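Here's the structure we're looking at; comments come further down.
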Amino acid sequence: MKKFITLCIGILFSASLYAQNRVYCEIVERAIPLSKNKKITIDFGQKREKAMSQQSLVDENGENLIFNSKIDALNHMNKLGWEFLQAYTVVSGSNGDSKSCIHWLLYKDVKSGEDPYNGLTTKEIHKKSKQ
Numbered sequence: 004m005k006k007f008i009t010l011c012i013g014i015l016f017s018a019s020l021y022a023q024n025r026v027y028c029e030i031v032e033r034a035i036p037l038s039k040n041k042k043i044t045i046d047f048g049q050k051r052e053k054a055m056s057q058q059s060l061v062d063e064n065g066e067n068l069i070f071n072s073k074i075d076a077l078n079h080m081n082k083l084g085w086e087f088l089q090a091y092t093v094v095s096g097s098n099g100d101s102k103s104c105i106h107w108l109l110y111k112d113v114k115s116g117e118d119p120y121n122g123l124t125t126k127e128i129h130k131k132s133k134q
């Protein structure tokens, strides 16, 4: 009986070492005024210095990542281990002045101690890292 209890405790302990946490992020696509292009920003719960801080994704040189389409951005996130969860559109304004903003919710299961945001850098975070 003692061996059985010891075995159960060992299994529970080892399972807790490999426990996963689910983290979420939101990709937002906004229209750029007077342009056909779209701006894609990301919110993964990061602290912002200013309310209108720059949340565009950048490469290791601080240059904006340019996506050909929404699917291109989604494929980029998928390569980093993020999975699509849900999409929704928010429309603001009225009549001919309405603007739409598309939101995608993504998630990633990470092991304890793993950095879920590895590979994701915003312009604001990049600027801070260079100071």
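Once you know that position 109 of the sequence shown is 112 in this note's numbering, the rest is easy, because the numbers rise by one and skip nothing.
Heads up, the beta-carbon is just placed ideally off N, CA and C, and yes, glycines get one too.
None of the values given here were measured: they were computed from a predicted structure.
#1: What are the boundary residues of the beta strand (DSSP E) that D112 is part of?
#2: So what's L77 in DSSP terms, helix, strand or just coil?
#3: Compare the C-alpha of L123 against each of K39, G65, P36 and name the closest.
#4: Roughly how many whole angstroms lie between the Cα atoms of K82 and K130?
#5: Can you tell me whether K114 is buried or exposed, with buried defined as 16 or more other CB within 10 angstroms of its CB?
#6: Between the Cα of G48 and the Cα atoms of V93, M80, A34, I30, which residue gives the shortest distance?
#7: Kindly list the residues whose CB is nearer than 8 Å to the CB of N67, restricted to its own chain and excluding five residues on each side of it in sequence; keep chain order.
#8: If you reduce the DSSP assignment to three classes, tell me which class I43 lands in.
By the coordinates alone:
#1: Here the question's residue 112 lines up with position 109 in the sequence shown. Annotation: the continuous beta strand (DSSP E) that includes D112 extends over 102-114.
#2: On the sequence shown, residue 77 is found 74 positions in, with the first residue counted as 1. Reduced to three states, the DSSP call for L77 is helix.
#3: Sequence index remark: in the sequence shown, residue 123 carries index 120 (1-based). The shortest Cα separation from L123 among K39, G65, P36 belongs to G65.
#4: As a position in the sequence shown, residue 82 is number 79, starting the count at 1. As a position in the sequence shown, residue 130 is number 127, starting the count at 1. K82 and K130: Cα-Cα distance of roughly 24 Å.
#5: Walking along the sequence shown from the start, residue 114 turns up at place 111. So K114 counts as exposed.
#6: Start at 1 with the first residue of the sequence shown, and residue 48 comes out as number 45. I30 is the residue among V93, M80, A34, I30 whose C-alpha sits nearest the C-alpha of G48.
#7: Here residue 67 refers to the residue found at position 64 when the sequence shown is read from its first residue. The answer, listed in chain order, is S59, L60, V61, K126.
#8: Position 40 of the sequence shown holds residue 43. I43 falls in the strand class under three-state DSSP.
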